[in-house]
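Under numbering that gives the first Met the number 0, the sequence shown has 279 at position 280, and the numbering climbs by one with no breaks. Please read the structure below before turning to the comments.
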Amino acid sequence: MGYRTLRQCLDDLRRIGQLVEIDEEVDPYLEVAEIQRRVYAAGGPAVLYKRVKGCRFPLVSNLFGTLERARFLFRDTLDAVRQLIELKIDPAQFWKRPWQYRRVPRIAWCTRPRRVRSGPVLKNPIRIDELPQVHHWPEDGGAYITLPQVYTEDPARPGFAHSNLGMYRVQLSGGRYRPNREVGLHYQIHRGIGVHHAAAIERGQPLRVSIFVGGPPAMSLAAVMPLPEGMPELFFAGALAGHRIPMICRAGELPISAQADFCITGTIDPERLLPEGPFGDHFGYYSLAHDFPVLRVEHVFHRDDAIWPFTVVGR
């Protein structure tokens with residue numbers, strides 16, 4: 000099923016008994032992270048936390064917690080997406096066995112984002128400190144977004160075809176960031192956003208960034224996928240979702256995912272670095288604080304009935 004929103008996805012998981020809903024108040028400081036770790040370790044369902052201490056937004060975790068559930072979420076498009084990638088690597092296969100690839104033209108059409116002038120995500124302005132402040136490990140440097148979709152475009156060749164959608168962790172609080180005005184971004188220089196950042200520095204201009212949280216589940220999965228050269232993650236998301244991803248496009252601004260639950264927009268100052276971290280990392284120990292780029296926040300928005308997805312990194 001091609002989910003257009005996160006809520007549609009959760010409704011489907013509820014229908015098949017793969018969503019547990021917690022009505023008791025939970026604490027975003029360490030408690031929800033510990034619940035998520037235990038549920039994931041047990042191969043459990045997705046979890047919706049309906050009442051969160053100090054926060055007006057519900058949280059959801061373990062959305063992609065098992066391979067079976069991930070396959071279920073994208074059951075209608077996985078085969079066609081596999082074929083699309085095969086043809087991207089070796090286009091000659093289409094002419095050898097065209098009958099096997101009869102679904103590919105429609106999926107290929109879905110790769111192209113749909114330009115729109117507005118969308119639900121822009122409904123409500125908000126501040127950074129009003130977002131869910133999930134603190135995952137005791138010695139983390141602050142609250143983090145752990146399922147962000149960080150969108151940038153090549154400053155020299157703007158447009159969807161030269162875009163990057165990556166999952167680079169975002170530090171919302173702590174450290175030396177100016178509250179509500181700056182957040183930290185952690186990424187390596189060889190990643191897509193790093194290449195765009197280097198191009199912006201060469202041109203002597205700040206790099207525009209849009210950060211999405213929630214929205215079509217295909218966007219989250221696309222942000223972590225290793226894809227063939229020349230296939231932008233945004234295009235892959237459309238194929239995986241089975242529909243063209245609507246992107247809000249306005250003159251002089253970076254596109255925004257229209258159906259995201261939350262969005263942060265801003266620019267990376269080419270000259271400014273601040274310590275980011277510590278952060279409980281994949282290998283079971285903390286990555287220490289090091290200088291990384293800073294996002295100067297311009298706008299923060301959320302849709303009506305927004306839900307904040309998160310995961311826990313580390314073990």
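C-beta: ideal position from N, C-alpha, C; glycine also.
Given residue 301 as reference, the closest of 59, 143, 256 and 106 once Cα atoms are compared:
Residue 256 is the option with its Cα nearest to residue 301.
Which of the three DSSP states, helix, strand or coil, is assigned to residue 271?
Residue 271 falls in the strand class under three-state DSSP.
Per-residue DSSP class, three states only, for residue 293
Per DSSP, reduced to three states, the secondary structure at residue 293 is strand.
What first and last residue would you give for the beta strand (DSSP E) that runs through residue 183?
Per DSSP, residue 183 belongs to the beta strand (DSSP E) from 181-184.
C-beta contact flag for residue 307 and residue 213 at 8 Å
Yes, the pair counts as a contact, with Cβ atoms nearer than the cut-off.
Bounding residues of the alpha helix (DSSP H) (the contiguous stretch that carries residue 224):
For residue 224, there is no enclosing alpha helix (DSSP H), as DSSP gives it neither H nor E.
How close, in whole Å, do the beta carbons of residue 291 and residue 185 come, if the pair is a contact with beta carbons under 8 Å?
Between residue 185 and residue 291 the Cβ distance is about 5 Å, and since that is below 8 Å, they are a contact.
Boundaries of the beta strand (DSSP E) in which residue 210 is found, first to last residue:
Bounds of the beta strand (DSSP E) holding residue 210 are 206-212.
Provide the residue(s) that pair with residue 19 in DSSP beta bridges, ordered along the chain.
Answer by DSSP bridge pairing, in chain order: 46.
Three-state secondary structure assigned by DSSP to residue 234
Helix at residue 234.
If we count the other Cβ atoms within 10 Å of its Cβ and call it buried at 16 or more, is residue 72 buried or exposed?
Of the other Cβ atoms in all chains shown, 16 or more fall within 10 Å of the Cβ of residue 72; this residue is therefore buried.
Proximity test, residue 252 beta-carbon vs the ligand MN heavy atom, cut-off 7 Å
Looking at this structure, you won't find the ligand MN or any other ligand, since it has none at all.
What residue range does the alpha helix (DSSP H) around residue 191 cover?
Where residue 191 is concerned, the enclosing alpha helix (DSSP H) stretches over 191-201.
Would you decide whether residue 204 is buried or exposed? Buried here means 16 or more other CB atoms lie within 10 Å of its CB.
That one is exposed.
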